[in-house]
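Accompanying notes for the structure given below.
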Amino acid sequence: MPNERTIPTIQYGVFSQRIHEQAAAHQRVIKAQLELTYRCNLHCRHCYTDPYNSKEFFPRELTLDEIHRLLDEMQQIGIVWLNLTGGDIFMHPQFFEIYETAYRKGFLLQLYTNGTLFTKASIERLQQMPPFTIDISCHSVTEASFDWFTQVPGSYRAFVRGLELLKESSLQFSLKTKAMNWNTDEMPAIRQFVASFGQEFGFTTSLSPRLNGDLSSLSYRIAPDTIIALNGDRAAADANEERCNTSADVFAPTTDRLYRCGCGTDTIHINAWGELGTCTLQYERRLSLRVYPLADAIEMLFREIRGLRYQGDSPCRTCDIHTFCDKKPSDARWECGAAEDPIPYDCDVALVRAQATLHETLIHPLRRAHKEIGTHHG
Ligand code: SF4
Ligand code: SF4
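For the sequence shown, the positions run 487 to 864 when our numbering is used.
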């Protein structure tokens, strides 16, 4: 009988935990988000990248050679999970060349797309080198509303066609929903739609100003009370929230760090113009990867982000419900004038979340600014 050699395998959860623990112990970056392009076939009304989805900006985007160099650098520093996003990834004229290069380098690839551009051919090509996951936005399941929001007639039909193609394939995908004021009534229908693909429904609510500072995207914010009403408790309502603050602790000890989240630990973001940040919406400090090698840029940027502190007397500095809050400093700069400023909407949301969790009435963060820290009972 020939010698049988077995390749040891471990469960994904164990693998992931091990890599995260090692990254934390050795301060290593293991996750990257790369915006391939700001081009998109849709123009969603809340989209933060859409102002740069216009041909006068395309020459600023990373070239194919630059993207390949970045993939090499990411491999060298030990990135494990690589999220390719846009715009829409399929609008990049050399998407498959980039994708297949990244696949061969061994990254676990997560694709973000609006789902409207899938074809039989593109799905077959992905099946040859399957991504780890594909995340597709699903903010409406009503044709008129969907097309109104994307501002492209026919987009809903293309979305459904794309999902049907995906469903027939063996590719892993999930649907993600943003709850906004215009689609609140649709949540039960979206939940049902998501369940029809055998998936668990979850939604996020946070909206940000556009990358050029335009605040029109914020007009689609959902009312804070509605967030709670939609799911009844914070844990369920925030299943997929990309909150800046991710601590699960209630009334965590306060710190005067400007970024009290995971920014500057194990994740990088690279925008379509080759600027390095610590997350998608961190624009207080960016370094051009056209100027600095990736490893050097990470070291400089992370040191700076971790060192940023509140300097003034912003209520955020001592806010004891900040773990419930979605505030991002760059959003605050655009919306309120300074990165340190509180964002009143985020305060309202944090308050209702904290109250729903604790089943208590609390003092609004902007009214407790000068009270002693910890006096949260109203
Ligand atoms: S599909 Fe995505 S990138 Fe395109 S406009 Fe909508 S939100 Fe923006
Ligand atoms: S709840 Fe308001 S005061 Fe507290 S951290 Fe958030 S924005 Fe700042």
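For every residue, glycine included, the Cβ atom is placed at its ideal position computed from N, Cα and C.
Cβ distance (whole Å) where residue i is taken to contact residue j below 8 Å
i	j	result
L657	I620	6 Å
T663	F689	4 Å
D834	S694	Not quite, the Cβ-Cβ distance comes to about 16 Å (not below 8 Å), so this is no contact.
L556	L780	7 Å
E770	G798	In fact, because the Cβ distance is near 15 Å, the residues do not count as touching under 8 Å.
Y745	P815	7 Å
M577	C526	6 Å
A842	E547	Between E547 and A842 the Cβ distance is about 42 Å, and since that is not below 8 Å, they are no contact.
H529	M666	Wrong, their Cβ atoms sit about 16 Å apart, outside the cutoff.
I791	C749	5 Å
R696	P830	Not a contact, Cβ separation roughly 19 Å.
C805	P851	5 Å
P710	V838	5 Å
A588	L568	6 Å
Y796	D742	5 Å
L868	I575	Residue 868 cannot be examined here, being either before or after the span of the chain that is shown, 487 to 864.
L773	A783	4 Å
For residue i, the residue or residues it bridges with in DSSP
i	result
E761	S774
N569	Q519 and Q596
I620	L597 and F659
R795	R743
K664	T690
Among the options, nearest to residue i - alpha-carbon criterion
i	options	result
H506	E761, T753 and F581	T753
S703	W820, E547 and D806	W820
T751	W759, L767, R776 and L787	L787
E583	G823, L594 and D551	D551
P616	T599, S626, E586 and C805	E586
L520	R839, R647 and I565	I565
T628	R677, S660, L595 and P828	R677
Y534	P710, N698, R853 and L570	N698
L661	T571, E686 and A644	E686
E785	T847, L762 and F543	L762
F476	R776, V638, D671 and T691	Coverage of the chain is limited to positions 487 through 864, which leaves residue 476 absent and any answer about it impossible.
H554	E542, G573, F581 and S540	F581
W634	V515, A607 and N669	N669
I563	D574, K517, N539 and C747	K517
I708	D671, F683, A681 and A675	D671
F679	D700, T741 and L649	L649
G793	K591, R590, K813 and C747	C747
R643	S655, P674 and A630	A630
C624	P639, F618, A824 and T599	T599
S655	G684, Q613, S641 and P639	Q613
I849	K813, I807, A824 and A675	I807
G572	H845, Y524 and A681	Y524
D558	K591, P639, T605 and K541	K591
F544	K813, Y778, F645 and G760	G760
Cβ of residue i within 9 Å of any chain C Cβ
i	result
D536	Absent from the structure: chain C. Only one protein chain is present.
Residue span of the alpha helix (DSSP H) that contains residue i, given as start and end
i	result
E686	Looking at the DSSP string, E686 is not in any alpha helix (DSSP H), and its letter there is neither H nor E.
S608	K606 to Q614
I575	First-last for I575: undefined, no H or E at that position.
P674	M673 to A681
D827	It is not in any alpha helix (DSSP H) - D827 carries neither H nor E in the DSSP assignment.
E559	L550 to I563
Where the beta strand (DSSP E) containing residue i begins and where it ends
i	result
E654	Counting along the chain, E654 falls outside any beta strand (DSSP E), though it belongs to the alpha helix (DSSP H) covering S641 to E654.
Q508	No beta strand (DSSP E) holds Q508; the alpha helix (DSSP H) holding it covers Y498 to H512.
S635	Inspection of the sequence shows that residue 635 is occupied by Phe rather than by Ser. F635 -> not in any beta strand (DSSP E); alpha helix (DSSP H) instead, spanning E629 to T636.
Y432	The first residue shown for the chain is 487 and the last is 864, placing residue 432 beyond what the model contains.
I584	Unbroken run through I584 is the alpha helix (DSSP H), F581 to R590; no beta strand (DSSP E).
A518	K517 to E521
T753	T753 to I756
**Request:** Mind listing which residues have their beta carbon within less than 6 Å of any non-hydrogen atom of ligand 2? Chain order is fine.
**Result:** P801, C802, C805, I807, H808, C811, K813, P828, I829, D832, C833, A836 and P851
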